[in-house]
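Numbering follows our numbering, with no gaps: position 149 of the sequence shown is 149.
In this text, a Cβ means the ideal position worked out from N, Cα and C, and glycines have one as well.
No experiment lies behind these values; they were computed from the predicted model shown.
Here's the structure, in structure tokens; my notes come after.
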Amino acid sequence: MKYYATRADRPLRGEVRVPGDKSISHRAVLFSAMAQGTSHLTGVLDSADVRSTISAVSALGAEIEVVRETRDGLDLRVTGWGGGGPVAPAEAIECGNSGTTARLLMGVLAGWDRHVVLQGDGSLSRRPMARVTDPLVAMGAEFKSRGGLLPVSVRGGSLHPVDHVLTVASAQVKTALLLAGLRAEGCTVVTEPAPSRDHTERMLPAYGVAVGRDKDAHRAWVDGPAYLTAADVAVPADPSSAAFLVAAAVLVPGSDVAMLDIAVNPTRTGFLRVLARMGARVSVDLDDATGGEPTAVLRAHFTEDLRATTVTSEEVPSLIDEVPVLAVVATAASGTTRFEGVRELRVKESDRLMAVAEGLAALGCTVRTGEDWLEIDGPCQLGSAALDSCGDHRLAMAYAVAALVAQEPVTIDHFEAVDVSYPGFVSDLQALSVSAAL
Ligand code: S3P
Numbered sequence: 001m002k003y004y005a006t007r008a009d010r011p012l013r014g015e016v017r018v019p020g021d022k023s024i025s026h027r028a029v030l031f032s033a034m035a036q037g038t039s040h041l042t043g044v045l046d047s048a049d050v051r052s053t054i055s056a057v058s059a060l061g062a063e064i065e066v067v068r069e070t071r072d073g074l075d076l077r078v079t080g081w082g083g084g085g086p087v088a089p090a091e092a093i094e095c096g097n098s099g100t101t102a103r104l105l106m107g108v109l110a111g112w113d114r115h116v117v118l119q120g121d122g123s124l125s126r127r128p129m130a131r132v133t134d135p136l137v138a139m140g141a142e143f144k145s146r147g148g149l150l151p152v153s154v155r156g157g158s159l160h161p162v163d164h165v166l167t168v169a170s171a172q173v174k175t176a177l178l179l180a181g182l183r184a185e186g187c188t189v190v191t192e193p194a195p196s197r198d199h200t201e202r203m204l205p206a207y208g209v210a211v212g213r214d215k216d217a218h219r220a221w222v223d224g225p226a227y228l229t230a231a232d233v234a235v236p237a238d239p240s241s242a243a244f245l246v247a248a249a250v251l252v253p254g255s256d257v258a259m260l261d262i263a264v265n266p267t268r269t270g271f272l273r274v275l276a277r278m279g280a281r282v283s284v285d286l287d288d289a290t291g292g293e294p295t296a297v298l299r300a301h302f303t304e305d306l307r308a309t310t311v312t313s314e315e316v317p318s319l320i321d322e323v324p325v326l327a328v329v330a331t332a333a334s335g336t337t338r339f340e341g342v343r344e345l346r347v348k349e350s351d352r353l354m355a356v357a358e359g360l361a362a363l364g365c366t367v368r369t370g371e372d373w374l375e376i377d378g379p380c381q382l383g384s385a386a387l388d389s390c391g392d393h394r395l396a397m398a399y400a401v402a403a404l405v406a407q408e409p410v411t412i413d414h415f416e417a418v419d420v421s422y423p424g425f426v427s428d429l430q431a432l433s434v435s436a437a438l
């Protein structure tokens with residue numbers, strides 16, 4: 001689908017509740033599927049990626065009942081396979097576009113003697129899986145693939161614990177290893193070079209499993225064997241989806257947008273710290289703390305005098321999914337904004353580093369990029385361009401934000417990719433009073 005976007009002719013104003021957090025939704029569904037008993041989940045993101053996890057765990061024997069389906073997401077009742085383990089599905093499990101589904105499932109399946117094939121769409125089939133399968137093989141599981149890519153065939157077995165040091169911070173790999181560690185006898189330890197999102201560490205205790213942590217050393221561990229018991233989880237709104245509306249409000253003159261119930265776990269809010277350095281008028285009003293994830297009302301205002309900043313490699317894991325939209329904000333900031341240590345963007349749903357550089361250049365900006373860095377000179381006036389999301393949801397939405405402040409109309413091809421994480425993105429923008437036509 002091609003999206004025809006025109007410059008915003010009015011400010012964005014009002015209040016919005018963006019959909020449930022994607023990472024937390026995947027984990028809530030998966031952990032409930034692993035648990036003994038029936039879990040109740042509310043506000044689960046209803047998007048293509050989370051639907052992939054729901055279908056996968058259903059094929060593996062979890063019972064999922066949709067209790068309510070509203071614009072705030074899905075309320076689910078999930079009865080897990082518990083100590084009996086998953087069943088071997090008759091067919092390959094389709095993970096679609098979802099790296100989180102594929103990688104977390106590898107960790108879950110590693111500890112069970114079942115034969116399962118995981119496959120994905122064209123984009124997911126180009127993304128590296130050896131970073132997950134190699135340490136799981138070291139634990140005792142068997143994986144077969146061609147060149148470390150999907151489709152991957154898994155045969156789990158009895159596992160021994162590992163003390164694994166990741167070369168790249170990755171919550172997906174960390175989670176897979178910790179979940180496998182629950183089936184190993186002894187302590188499985190994962191250390192990262194920088195802190196990645198810690199939803200797994202925060203959520204497993206609600207399912208009755210203790211997680212050890214040394215935050216300064218970026219280290220987490222579990223003692224196995226350990227079993228999950230059912231829990232109730234309310235999924236807060238996704239900061240990565242909110243980031244697009246925050247950026248839009250900061251860029252479109254006269255805007256003032258409030259976003260409710262946003263998960264503001266510090267491992268996810270690097271973009272807010274970067275925007276603060278750029279002088280963006282964004283406030284964070286913390287809600288009363290409940291459960292494992294802090295939430296807040298974010299309020300973003302149009303900001304005229306944005307300034308460039310340098311995003312360091314240490315802070316990249318905390319804003320890994322927000323680089324495309326931050327790059328769009330950088331086009332309005334005076335000076336050169338530099339992103340360092342962003343090589344990992346090359347193996348996301350697309351090569352985001354190359355795509356963002358090409359997209360912003362097509363819009364008329366001066367952009368430079370190297371193997372693991374990106375620089376944008378601002379401020380620059382964006383012009384007309386025919387862009388392609390490359391089937392990447394975050395590029396589609398970042399370009400749609402850019403289009404709001406471009407002088408001339410912008411087209412974005414393969415815009416349907418937004419369904420991966422934020423199916424209501426355009427209607428939320430329209431409700432905040434943007435003129436955009438499909
Ligand atoms: C995710 C982790 C991140 C992120 C992805 C979701 C997760 O990937 O990019 O969108 O839910 O664990 P990595 O931690 O592998 O970089």
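N-terminal and C-terminal residue of the alpha helix (DSSP H) that residue i is part of
| i | result |
| --- | --- |
| A31 | For clarity, residue 31 is Phe in the given sequence; the question names Ala instead. Residues 22-34. |
| R202 | 199-203 |
| D9 | Element bounds for D9: n/a, residue is neither H nor E. |
Residue i: first and last residue of the uninterrupted beta strand (DSSP E) it sits in
| i | result |
| --- | --- |
| K144 | 142-146 |
| D444 | It is not possible to answer for residue 444, since the shown part of the chain is limited to 1 through 438. |
| A226 | Neither: A226 is in no beta strand (DSSP E) and is coded neither H nor E. |
| A5 | 3-5 |
| D214 | 212-214 |
| A482 | Residue 482 lies beyond the range of the chain shown here (1 to 438); nothing can be said about it. |
| D428 | It is not in any beta strand (DSSP E) - D428 instead sits in the alpha helix (DSSP H) that spans 425-431. |
| E375 | 373-378 |
| G43 | 38-44 |
| V410 | 410-413 |
Residue i versus the options, residue with shortest Cα-Cα distance
| i | options | result |
| --- | --- | --- |
| V325 | A263, M397, R307 | M397 |
| D285 | L275, D261, V274, A308 | D261 |
| V367 | D321, T336, D75, V235 | T336 |
| L41 | I24, D288, S52 | I24 |
| R27 | A102, K2, I93, T70 | A102 |
| S196 | A169, Y422, A176, S39 | A169 |
| R114 | G156, G73, Q407 | G156 |
| L395 | G424, G83, V328 | V328 |
| M303 | V311, D392, V426, S334 | Here residue 303 is Thr; the residue named in the question, Met, does not match the sequence. Considering only alpha carbons, the answer is S334. |
| S421 | N97, V297, L109 | N97 |
| T167 | R131, A180, L429 | R131 |
| S389 | L382, D372, V418 | V418 |
| V162 | V152, R146, D134, P253 | D134 |
| T188 | D198, A194, R213 | R213 |
| E69 | G20, V116, G120 | G20 |
| R7 | P253, V264, R268 | P253 |
| V274 | D288, V323, G292, V257 | V323 |
| D256 | K2, R13, G424, F271 | R13 |
| A332 | A280, K174, Y4, M203 | A280 |
| M278 | V137, L150, D72, T309 | T309 |
| Q172 | E142, L136, S158 | L136 |
| P379 | A330, F425, L345, G359 | A330 |
| G43 | T369, Y3, D75, L30 | D75 |
| G181 | G224, V152, T191, K144 | G224 |
| G391 | S47, G111, S123, L109 | S123 |
| L105 | D238, F271, L150, V211 | L150 |
| M447 | E416, T295, L118, R299 | Within the shown structure, residues of the chain are numbered from 1 to 438, placing residue 447 beyond reach of any answer. |
| L432 | A258, E185, P423, E192 | A258 |
| G293 | E358, V311, A263, A138 | Per the sequence presented here, residue 293 reads as Glu, with Gly not at that position. For the residues E358, V311, A263, A138, the minimum Cα distance to E293 belongs to A263. |
What runs of the alpha helix (DSSP H), each 4 residues or longer, lie entirely inside the segment 301-365?
-> 323-330, 352-362
Fully enclosed by the segment 56-117, which beta strand (DSSP E) runs are 3 residues long or longer?
-> 63-70, 73-79
Taking three-plus beta-carbon pairs below 8 Å as touching, is the segment 209-219 in contact with the segment 240-255?
-> no
Which runs of the beta strand (DSSP E) fall wholly inside the segment 120-197 and span at least 3 residues, in chain order?
-> 142-146, 149-155, 163-165, 186-191
Taking 8 Å as the threshold, find out whether the segment 305-321 comes into contact with the segment 336-352 through three or more Cβ pairs.
-> yes
Can you list, in chain order, the stretches of the beta strand (DSSP E) that have 3 or more residues and sit fully within the segment 252-304?
-> 256-263, 281-286, 295-301
Should the segment 396-416 be regarded as contacting the segment 354-364, the criterion being three or more beta carbon pairs within less than 8 Å?
-> yes
Contact the segment 226-235 vs the segment 200-209: 3+ CB pairs below 8 Å = yes
Is it a yes or a no for the segment 56-64 touching the segment 72-90, going by three-plus beta-carbon pairs under 8 Å?
-> yes
Could you tell me whether the segment 374-386 touches the segment 408-415, where touching means 3 or more Cβ pairs closer than 8 Å?
-> yes
Does the segment 65-85 come within contact of the segment 30-41, defined as at least 3 CB pairs closer than 8 Å?
-> yes
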